[in-house]
Amino acid sequence: MAIEIVRPGKFSLIVSTPVMPAAGTVGFGDRYRDLLDYERLGALVTNPVTIEPWSGAAGTRVIGLDAGVLAHTGLPNPGLAKVISLNRRVWAKMPIPVILHLVGTSPRQMKRAVAMIDEVDEIAAVELGLSDDIDLDSAIDLVAEAARMEKPLIARLPFYESYELALPIAEAGADALVLTAPPRGTARDPHSGKLVSGRVYGPLVKPLNLRLVGRLRRQIPDELPIIAAGGIHSPQDARDYLEAGAVAVQVDAATWAQPKMLERIARDLGGWIATRQKDALPDEWNPDMSHTEAMQRRARQPDD
Amino acid sequence: MAIEIVRPGKFSLIVSTPVMPAAGTVGFGDRYRDLLDYERLGALVTNPVTIEPWSGAAGTRVIGLDAGVLAHTGLPNPGLAKVISLNRRVWAKMPIPVILHLVGTSPRQMKRAVAMIDEVDEIAAVELGLSDDIDLDSAIDLVAEAARMEKPLIARLPFYESYELALPIAEAGADALVLTAPPRGTARDPHSGKLVSGRVYGPLVKPLNLRLVGRLRRQIPDELPIIAAGGIHSPQDARDYLEAGAVAVQVDAATWAQPKMLERIARDLGGWIATRQKDALPDEWNPDMSHTEAMQRRARQPDD
Amino acid sequence: MKESQAYIERVKRVNRSHQRLELAVDQSLTALRAGQALLARPMNKDYEAEQWDPYLRELWFPVEVQARNIVVVERPARAHYLPGQLLSLIGPVGQPFRFRQKLRNILLIAYDTAPAALLLMLPPLLAKQVSVTLVLMGSARQYETSHLPEEVEVFQADDSLAWPDMVMTLGWADQVFVLVGQGDEMGSFAAVMRLMRERHSELPTNYVFGVLQRELPCGVGACHACVLNLRRAQKLQCLDGPAFDLTDLRLN
Amino acid sequence: MKESQAYIERVKRVNRSHQRLELAVDQSLTALRAGQALLARPMNKDYEAEQWDPYLRELWFPVEVQARNIVVVERPARAHYLPGQLLSLIGPVGQPFRFRQKLRNILLIAYDTAPAALLLMLPPLLAKQVSVTLVLMGSARQYETSHLPEEVEVFQADDSLAWPDMVMTLGWADQVFVLVGQGDEMGSFAAVMRLMRERHSELPTNYVFGVLQRELPCGVGACHACVLNLRRAQKLQCLDGPAFDLTDLRLN
Ligand SMILES: Cc1cc2nc3c(=O)[nH]c(=O)nc-3n(C[C@H](O)[C@H](O)[C@H](O)COP(=O)(O)OP(=O)(O)OC[C@H]3O[C@@H](n4cnc5c(N)ncnc54)[C@H](O)[C@@H]3O)c2cc1C
Ligand SMILES: Cc1cc2nc3c(=O)[nH]c(=O)nc-3n(C[C@H](O)[C@H](O)[C@H](O)COP(=O)(O)OP(=O)(O)OC[C@H]3O[C@@H](n4cnc5c(N)ncnc54)[C@H](O)[C@@H]3O)c2cc1C
Ligand SMILES: Cc1cc2nc3c(=O)[nH]c(=O)nc-3n(C[C@H](O)[C@H](O)[C@H](O)COP(=O)(O)O)c2cc1C
Ligand SMILES: Cc1cc2nc3c(=O)[nH]c(=O)nc-3n(C[C@H](O)[C@H](O)[C@H](O)COP(=O)(O)O)c2cc1C
Ligand code: FES
Ligand code: FES
Chain X
1 MAIEIVRPGK FSLIVSTPVM PAAGTVGFGD RYRDLLDYER LGALVTNPVT
51 IEPWSGAAGT RVIGLDAGVL AHTGLPNPGL AKVISLNRRV WAKMPIPVIL
101 HLVGTSPRQM KRAVAMIDEV DEIAAVELGL SDDIDLDSAI DLVAEAARME
151 KPLIARLPFY ESYELALPIA EAGADALVLT APPRGTARDP HSGKLVSGRV
201 YGPLVKPLNL RLVGRLRRQI PDELPIIAAG GIHSPQDARD YLEAGAVAVQ
251 VDAATWAQPK MLERIARDLG GWIATRQKDA LPDEWNPDMS HTEAMQRRAR
301 QPDD
Chain A
1001 MAIEIVRPGK FSLIVSTPVM PAAGTVGFGD RYRDLLDYER LGALVTNPVT
1051 IEPWSGAAGT RVIGLDAGVL AHTGLPNPGL AKVISLNRRV WAKMPIPVIL
1101 HLVGTSPRQM KRAVAMIDEV DEIAAVELGL SDDIDLDSAI DLVAEAARME
1151 KPLIARLPFY ESYELALPIA EAGADALVLT APPRGTARDP HSGKLVSGRV
1201 YGPLVKPLNL RLVGRLRRQI PDELPIIAAG GIHSPQDARD YLEAGAVAVQ
1251 VDAATWAQPK MLERIARDLG GWIATRQKDA LPDEWNPDMS HTEAMQRRAR
1301 QPDD
Chain V
2001 MKESQAYIER VKRVNRSHQR LELAVDQSLT ALRAGQALLA RPMNKDYEAE
2051 QWDPYLRELW FPVEVQARNI VVVERPARAH YLPGQLLSLI GPVGQPFRFR
2101 QKLRNILLIA YDTAPAALLL MLPPLLAKQV SVTLVLMGSA RQYETSHLPE
2151 EVEVFQADDS LAWPDMVMTL GWADQVFVLV GQGDEMGSFA AVMRLMRERH
2201 SELPTNYVFG VLQRELPCGV GACHACVLNL RRAQKLQCLD GPAFDLTDLR
2251 LN
Chain U
3001 MKESQAYIER VKRVNRSHQR LELAVDQSLT ALRAGQALLA RPMNKDYEAE
3051 QWDPYLRELW FPVEVQARNI VVVERPARAH YLPGQLLSLI GPVGQPFRFR
3101 QKLRNILLIA YDTAPAALLL MLPPLLAKQV SVTLVLMGSA RQYETSHLPE
3151 EVEVFQADDS LAWPDMVMTL GWADQVFVLV GQGDEMGSFA AVMRLMRERH
3201 SELPTNYVFG VLQRELPCGV GACHACVLNL RRAQKLQCLD GPAFDLTDLR
3251 LN
């Protein structure tokens, strides 16, 4: 099966199952190779990358919660150039499209990123992460700048601001939306006694985001695909999001707790999704539109 | 110990431990008498009451989640007049202040409610529930109308709007804020297959609201007490909220799953809170201010 | 109504789909009668380490109360229970079934649910020579009954909810209890009521009872999640149920 | 590195504070060596019924690998485990400890933590006549050692982290492994390094190793929650650890 996950127009991004890992959960390359069959996934979404290198957060970064976890990694990464050179070969071998998650900082830096990324065929699309405290104008500028890229642009909206941001971001040039980034929260480190603020993962995020997806799906243009993320821990969780109008889903921390669950969900929906084709491919979709490298690479795969 | 939980001024509301049940969890009267020692709690917060009778929601109203529950009761209640006449005697016997949770509908209805409630000595204070989709102006009008009451007014803010509402609501006359009502969400009923939207309860709500309380505490005037609510499932959860600057906490669905937990938290913080007196009683607090009936009733209690 | 602790003493499979748990319970619970239930959840000695998945208490209808403070419940075989597990129980929840004085023939119907909630009444009724007929409808037909007392006459309804001797059974029955699965309870009750009405032009009160087993968040009448609309009043499954006169319940 | 399933075969208390779990594991895990760990979580046969509290996998350092595919781990006594519990294990996680070729005397330090992560090395080292000294610091002093091999010489450090014969032990030791509890790991390492530096003006490399046991969300180098800053590089506890040369680790 082939599912289009970006809006009709200049670009296309086809996945064979509407299930992929969320940014920040599976690394930059194939770190889960021993535990996951990547071929079964719809796409690889990399860990967040910044133009400049970032060091990890200091001190505690992980706090186990009841049925969840709070993580504040600080998004350690060696910077875009290094991430590309280190992982390019692995990406080329990936049987699925590679979506690079780029941390949105400044339009100036974004310009440099766009130039670099356009040179890298192994990158099928970019997912732009918008920070939680971003204001509407900065967000629009960032997305407009990123949209100059010759690849599909997916924008990941912060949990608390997604209502305000969804439409403007779409108009600024995003080809799809990820709803949403994990909500930020604060928890006490039981060992150091310190408060740590970071992202909150767990099954209870799902009913919150399912409502959000259901409402936003009815508010934004049908042609703009929504990729749902947040609290998916079972195939049924994923199906609920598709029922709510998402074309695909991202599984986050469940993969850490139970790696096989990501693959199970992907296999399960890989079959189930047949009935969703209509939603997955909006009517305006034009079959002979230009295709991304991902598409061409898929063509070379033994068909599954 | 005696903790003031409303802002200094016309009214006072003293609790002996900074722990109370959240609206909607323990009923209108003493339904938990066999499972809880009410004397150990700081106050009783009733189930939501509306001026007119409301029938319960139709169909499924409860969906068990992983480490949580979604409930959409529809707030069934026989209406304010009936609720008062049915529960007045029980309230009079309560060893703790009774806080009536009133569902905010229209200012017109609020006027009638205020008149009725002012007549009822057994009600120590009112907690006003603001609906999730309420706009700022309606919220302000409601609170302004409710503030005419001769009792302390506590406003419970919706999860998603609390940032926008906190300051204006405080200025409109609220004597304290409850942060926050349970977030709304949507889940699929495994039996009927239908989507149900309602309120989401569970431990994972706590890190989200702890962050919110921590941030808002630094944004709103020190003299305005915050009562923290959301995802409290252990004494440590409650302590974290107090550390973040809340004067008291409300325990919600944990009481359904494990009634004794509410009492444990209350007993635990009843002792621990000693060190919080300063926060609990702002410096501006004037000891010979007028006291509520609750205060006078407490005076008649064997001291604990 | 109180909270008490219990241990799972033994777990044994009774048929393809179900297992029985023997619970060592507090003395007070051995007084529990047919119709009354327990709200159960696994618990941890260290309450700061309490686990919250599963979250809501499960509604357990005992199927047997033995000597030595043992209460037996029947649970789906999929569910995973280990002997030695500590439990917190709230109960008894609800009112005992009210049987006719001179009950001679009783008809029990399980519709889209295992009949567990109807089994505790069997020993006393059979001891009183009451003849018991159990009809399994819908998905309940997959429930194997070989472990039930042989005096109980068991029928499988067909897809139109009819069964052999239906007319006779309905005619003889002094009382009928209809247990339905979670989901569209009122719809299931309505379907069964149509059967009844074909027999009795005018259904008497205290004749046919609907038995509910919705999830109960609190079990004590506090959360109002189990409100039911009766002709003249609102009632709560947890306090007034689980059985309600179907001529009194609003089915739409 | 793979995911496999295991059962808890036996649970037995070894001292006031700890219990040992005998796990029936996949053959592949019996090759596991001192320093390597398992990421464990209870699991359910029916994966749609998977339970998510606790959520993160626990980092278990085996203390013994027996015949018949039995791996033994040591856990706090508070934690509640039942025989028969099905587990999902990811492992082996991390690199084996690297011992000196001609290791004669080894010093093990457990600081604010039970020494479990250091115990799997004991049988092989003792078999090779290596003399082992175990020093318990901070809260580790409450750990009872009567169940450890008697050849192991055990000391309790005082509040200034000193112990009888400290000077001698430090002088003799060919290698030192410092295991610290969760929380301020770098601070604890720094405290121990001060002791060392009092003895050795210039600390050699491959002499004193810090051993970490932070929570590992993924264990495969994907989540980047376990990043450590070394002098010249960043490393991951889950892939490169758990032991790092303390002369190489940035302690501030
Ligand atoms: C005057 C008044 C009277 C009311 N009377 C009743 C009553 O009698 N009974 C009762 O139950 N409620 C009643 N309500 C409540 C109302 O019907 C809503 O149930 C409640 O307000 C929650 O609405 P919401 O917008 O927060 O829910 P939302 O979660 O925003 O849902 C709004 C709609 O979108 C649907 N939806 C949400 N998420 C998704 C998704 N992921 N996919 C697809 N669809 C989705 C929901 O099912 C719902 O139909 C009343 C409300 C008012 C104001
Ligand atoms: C340019 C830049 C560089 C950065 N560099 C680093 C870095 O090197 N390392 C790193 O770890 N992070 C870094 N950050 C991230 C930043 O420090 C915050 O940790 C992160 O953005 C989360 O902020 P927040 O406002 O979402 O957290 P919030 O949850 O809003 O917390 C804000 C502050 O309030 C405190 N707080 C939150 N809740 C409570 C409460 N209930 N009670 C009391 N206090 C509370 C938090 O502890 C925090 O100090 C950087 C951010 C930027 C923009
Ligand atoms: C403009 C900007 C600069 C940042 N620089 C750093 C950094 O130097 N080091 C770091 O650890 N995190 C840095 N962060 C990341 C934040 O710490 C935070 O981790 C990130 O926004 C995502 O949060 P999380 O790591 O809790 O998911 C930066 C974030 C932004 C928006
Ligand atoms: C103005 C107004 C009128 C409402 N009327 C009803 C009603 O008649 N019946 C009902 O079940 N719920 C009614 N509700 C309550 C909603 O269904 C909803 O339950 C309530 O807002 C809180 O949601 P919850 O019940 O999911 O907690 C009303 C809500 C508002 C704001
Ligand atoms: S279950 Fe809460 S009122 Fe019946
Ligand atoms: S635990 Fe995830 S990178 Fe080490």
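Residue numbers (the numbering used here), protein chains in the order written: chain X, 1 to 304; chain A, 1001 to 1304; chain V, 2001 to 2252; chain U, 3001 to 3252.
The C-beta atom is built at its ideal place from N, Cα and C for all residues, glycine as well.
Kindly confirm or deny that the region 1207 to 1223 of chain A and the region 180 to 194 of chain X touch, where touching means at least three C-beta pairs closer than 8 angstroms. Judged by Cβ distances under 8 angstroms, the region 1207 to 1223 of chain A makes contact with the region 180 to 194 of chain X, as three or more pairs qualify.
Per DSSP, cross-strand counterpart(s) of R2041(V): S2088(V)
Does the Cβ of C2226(V) lie closer than 7 angstroms to at least one heavy atom of ligand 6? no
What are the start and end residues of the beta strand (DSSP E) that includes P21(X)? V19 to P21
Cβ-Cβ separation, P48(X) to G68(X) (assumed contact under 8 angstroms), whole Å: Contact doesn't hold; Cβ gap of about 20 angstroms is too wide.
Presumed contact (8 angstroms Cβ cut-off) between G1056(A) and V2227(V), rounded CB distance: 4 angstroms
For Y201(X) and G1202(A), I'd like the C-alpha separation in whole angstroms. 13 angstroms
State yes or no: is the beta carbon of D66(X) nearer than 8 angstroms to at least one beta carbon in chain U? Chain U contact via Cβ: present.
If the cut is a Cβ gap below 7 angstroms, which residues of chain V does R1040(A) touch? None at all; the shortest Cβ gap to chain V is about 15 angstroms.
Contact with chain X by K3045(U), beta-carbon distance below 8 angstroms: Under the Cβ distance rule, K3045(U) does not count among the residues neighbouring chain X, no pair being separated by less than 8 angstroms.
What's the call for V2208(V), buried or exposed, on a 16-neighbour Cβ count within 10 Å? buried
Taking a cut of 8 angstroms between CB atoms, which residues from the region 2042 to 2067 of chain V lie near chain A? Within the region 2042 to 2067 of chain V, the residues whose Cβ lies closer than 8 angstroms to any Cβ of chain A are, in chain order, M2043, Y2047, E2048, E2050, W2052, D2053, P2054, Y2055, L2056 and R2057.
Within the continuous alpha helix (DSSP H) that includes N209(X), where are the two ends? Per DSSP, N209(X) belongs to the alpha helix (DSSP H) from V205 to R217.
Buried versus exposed call for T275(X) [16 or more other C-beta atoms within 10 Å across all chains shown]: Residue confidence is low: T275(X) scores 34 on pLDDT, short of 50, so the model does not pin down where it sits. Its coordinate-derived value is still stated next. Result: exposed.
For K3012(U), which residues does DSSP report across the bridge? For K3012(U), the beta-bridge partners assigned by DSSP are R3020(U).
Just to confirm the assignment: which complete alpha helix (DSSP H) runs, minimum length 4, are found wholly within the region 2070 to 2139 of chain V? 2122 to 2127
Residue nearest to N2015(V) in terms of C-alpha spacing, selected from A2114(V), N2105(V) and A2162(V): A2114(V)
Tell me whether the beta-carbon of V120(X) lies closer than 8 angstroms to the beta-carbon of I154(X). Not in contact: V120(X) and I154(X) (Cβ atoms no closer than 8 angstroms).
At a Cβ threshold of 8 angstroms, is G3171(U) touching chain V? no
Is A3222(U) near ligand 6, judged by its Cβ being under 7 angstroms from some heavy atom? yes
Straight-line gap, L3236(U) to E4(X) (C-alpha atoms, nearest Å): 37 angstroms
Near A3190(U), which residues of its chain fall below 8 angstroms by C-beta distance, leaving aside the five closest residues on each side in sequence? L3251 and N3252
Please identify the residue among G193(X), L80(X) and P207(X) whose C-alpha is closest to the C-alpha of R112(X). L80(X)
In angstroms with no decimal places, state the Cα-to-Cα distance between H191(X) and Q3182(U). Near 6 angstroms, if we compare the C-alpha coordinates of Q3182(U) and H191(X).
Nearest to Q1258(A) by CA position, among K2102(V), E2064(V) and C2218(V), is which residue? C2218(V)
Taking the straight line between their C-alpha atoms, what separation do you get for G3091(U) and P3124(U)? 21 angstroms
Can you name the residues of chain V whose CB is closer than 9 angstroms to the CB of L3082(U)? Those within 9 angstroms of L3082(U) in chain V are L2082, P2083, G2084 and Q2085.
Option nearest L1100(A) by Cα separation, candidates I1123(A), R1267(A) and D1118(A): Just measuring C-alpha positions, the residue of I1123(A), R1267(A) and D1118(A) sitting nearest L1100(A) is I1123(A).
Looking only at C-alpha atoms, which of C3238(U), D3184(U), E3058(U) and N3206(U) sits nearest to L3246(U)? N3206(U)
Within 10 angstroms of the Cβ of D137(X), are there 16 or more other Cβ atoms? Answer buried if so, exposed if not. exposed
Close-in-space but distant-in-sequence residues of the same chain around L1041(A) (CB under 8 angstroms, 5 per side omitted): Excluding positions up to five away in sequence, the list reads T1017, V1019, M1020, P1021, I1096, L1262, E1263 and A1266.
Measure the C-alpha to C-alpha separation of D3026(U) and D34(X) and round it to an integer number of angstroms. 16 angstroms
Within 8 angstroms (strictly less), CB to CB, does N2229(V) reach chain A? N2229(V) counts as touching chain A.
For ligand 5, is there any heavy atom lying closer than 7 angstroms to the beta carbon of G2219(V)? yes
Using a cut-off of 9 angstroms between C-beta atoms, extract the partners of D2182(V) located in chain A. The sequence as given places Gln at residue 2182(V); Asp does not occur at that position. Ordered by position in chain A, the residues that pass the 9 angstroms Cβ test against Q2182(V) are T1060, D1189, P1190, H1191 and S1192.
Should L1036(A) be counted as a contact of ligand 5 given a C-beta to heavy atom distance under 7 angstroms? no
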